[in-house]
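S.K.: Position one of the sequence shown corresponds to residue 3 (our numbering), numbered consecutively onward.
Glycine included, C-beta positions come from ideal geometry on N, C-alpha and C.
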Amino acid sequence: MSKPLISRTRRAGNLLFLSGMIGRGDDKESKFRDTFERIKGVLEENGLSLENVVKATVYLEDIDDRPRYLNPLWREYFPGEPPTRTCVEAGLAGGQIEITVVAAIPD
3 MSKPLISRTR RAGNLLFLSG MIGRGDDKES KFRDTFERIK GVLEENGLSL
53 ENVVKATVYL EDIDDRPRYL NPLWREYFPG EPPTRTCVEA GLAGGQIEIT
103 VVAAIPD
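(1) Would you say K42 and Y71 are within 7 Å of each other, going by their C-beta atoms?
(2) Alpha carbon to alpha carbon, how far is L17 from R68?
(3) For the segment 5 to 15 against the segment 72 to 89, are there 3 or more C-beta pairs whose distance is under 8 Å?
(4) Measuring alpha carbon to alpha carbon, tell me which residue in K33, Q98, F38 and S32 is nearest S51.
(5) With distances taken from CA atoms, which of P6, R35, D28 and G27 is nearest S1?
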């Protein structure tokens, strides 16, 4: 068996970096929500939560999906102090979203 090409997570000091997560589903709304749920799950596997996220980079097939799909979920999943965020329109297909995050690991 060959070594994986990328790591799903990587710790550096008190930071945990997550590779880009994409969601599954039949429509944009379900794909977007599943992306957030997958990120939440990986953080929980590492003893963290969405409250630990300090930076996110969001790649969208269509930047116009921000107000309709991304922003409502952002408010739902980050109700307190949200992380910093960069959104980029990228060559994703099928109404897809991909999010990478950096989470702070408490002392």
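M.R.: The relevant details are as follows:
(1) Within the sequence shown, numbered from 1, the residue matching residue 42 stands at position 40. Within the sequence shown, numbered from 1, the residue matching residue 71 stands at position 69. No, they are not a contact pair.
(2) Position 15 of the sequence shown, counted from the first residue, corresponds to residue 17. Position 66 of the sequence shown, counted from the first residue, corresponds to residue 68. Those two C-alpha atoms are separated by around 27 Å.
(3) no
(4) The residue given as residue 51 occupies position 49 in the sequence shown. The residue with the shortest Cα to Cα distance from S51 is F38.
(5) Outside the shown range of the chain, which is 3 to 109, sits residue 1, and nothing can be said about it.
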